[in-house]
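Numbering (my numbering), first residue to last: 26 to 399.
In structure tokens form, the structure reads like this:
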């Protein structure tokens with residue numbers, strides 16, 4: 026955007042005296058601010074993009090969805106929300122400069138994006154939103170559970186230490202002017218935890234699965250997770266609320282699935298027949314993918330025979346785990362089983378385009394065949 030253009034844009038739009046090009050330019054500016062904030066949320070660990078989304082424009086779409094409400098017009102074609110926000114500043118005798126206009130617009134866009142993200146998350150994942158609400162209720166109702174916010178993310182910890190994280194976090198702000206040794210000690214104690222890595226989600230999931238009891242309250246589940254974290258002193262002694270919610274949902278789902286599986290007579294003639302048919306479908310799909318690997322990549326010398334064999338074995342693992350009701354791994358992890366030294370960077374640079382294409386057509390072929398079978 027050219028210097029000095031934001032104030033005239035704001036004035037014209039609030040006065041309903043704008044051209045289509047001016048409105049388009051203002052929307053683009055607002056969208057860029059929203060995208061910048063969404064990228065920041067992703068950096069600090071928030072899951073903004075829809076799961077399993079493979080497009081490149083998810084953030085642009087989410088940003089537009091978040092700010093769309095600001096551009097609702099009344100019967101007279103006026104942007105009422107923008108008028109209410111900028112109107113008092115524009116109509117006053119005080120001159121609105123570019124820096125102030127940019128600051129006001131950023132505050133408005135960030136606030137609106139925060140509000141709309143809550144709605145989008147509730148619509149996208151109503152079950153997850155309900156679990157998070159229950160977690161927050163449990164925190165408010167318990168003397169043992171406390172939470173704090175850092176970089177836009179909320180964390181939970183157990184308040185059972187006289188020199189606990191709650192005091193450390195609050196003292197960093199409330200005692201800011203005290204100076205001296207106390208402040209230095211508070212910073213050192215808080216940073217001693219913050220400089221540690223968070224516990225890997227898979228490790229927390231596996232340990233919590235062993236301790237899970239379906240009769241537990243949400244508060245009890247949280248305490249069990251924090252006890253698990255405390256048993257690993259090399260990791261932070263607090264957990265992000267969104268991670269706690271995801272673990273509770275995944276473990277609860279796994280328990281229900283196991284319970285349903287245990288109630289099924291796996292030795293019935295019908296289930297045996299279905300299992301054999303699924304196995305035959307799996308083998309046909311695996312054969313098709315192996316042929317494609319040989320014809321499309323190996324014969325054209327795009328990959329080595331060793332790499333072709335690795336792709337084939339990884340696809341076999343993926344197909345078997347998918348159709349046996351097991352939790353599937355990431356594409357990177359399937360390859361890492363056979364290339365232990367593989368890094369994320371190497372995967373993106375050398376393996377991703379081919380292997381993700383193979384997984385994609387495998388899923389598509391499986392879906393088609395299993396629909397015919399069932």
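No residue lacks a Cβ here, since even glycine has one placed at the ideal position from N, Cα and C. Owing to the predicted nature of the structure, the values given are computational and were not obtained by experimental measurement.
Would you say residue i and residue j are within 8 Å of each other, going by their C-beta atoms?
| i | j | result |
| --- | --- | --- |
| residue 306 | residue 394 | yes |
| residue 172 | residue 181 | yes |
| residue 340 | residue 379 | no |
| residue 107 | residue 95 | yes |
| residue 69 | residue 85 | no |
Going by Cα to Cα distance, which pick from the options is closest to residue i?
| i | options | result |
| --- | --- | --- |
| residue 111 | 125, 160 and 145 | 125 |
| residue 145 | 365, 88, 51 and 312 | 88 |
| residue 308 | 108, 348 and 230 | 348 |
| residue 90 | 73, 102, 255 and 105 | 73 |
| residue 235 | 259, 310 and 277 | 277 |
| residue 32 | 264, 51, 45 and 44 | 51 |
| residue 246 | 160, 39 and 376 | 160 |
| residue 83 | 304, 64 and 179 | 64 |
Apply the 10 Å Cβ neighbour rule to residue i and answer buried if 16 or more other Cβ atoms are within range, or exposed otherwise.
| i | result |
| --- | --- |
| residue 243 | buried |
| residue 344 | buried |
| residue 35 | buried |
| residue 162 | exposed |
| residue 105 | exposed |
| residue 164 | buried |
| residue 261 | buried |
| residue 40 | exposed |
| residue 383 | buried |
| residue 318 | buried |
| residue 385 | exposed |
| residue 252 | exposed |
With DSSP collapsed to three states, give me the class of residue i.
| i | result |
| --- | --- |
| residue 172 | strand |
| residue 237 | coil |
| residue 327 | coil |
| residue 373 | helix |
| residue 363 | coil |
| residue 182 | strand |
| residue 104 | strand |
| residue 232 | helix |
| residue 223 | coil |
| residue 255 | helix |
| residue 264 | strand |
| residue 98 | strand |
Just checking, does the region 268-280 make contact with the region 152-159 on the three C-beta pairs under 8 Å criterion? yes
Do the region 50-59 and the region 122-136 make contact, defined as three or more Cβ pairs closer than 8 Å? yes
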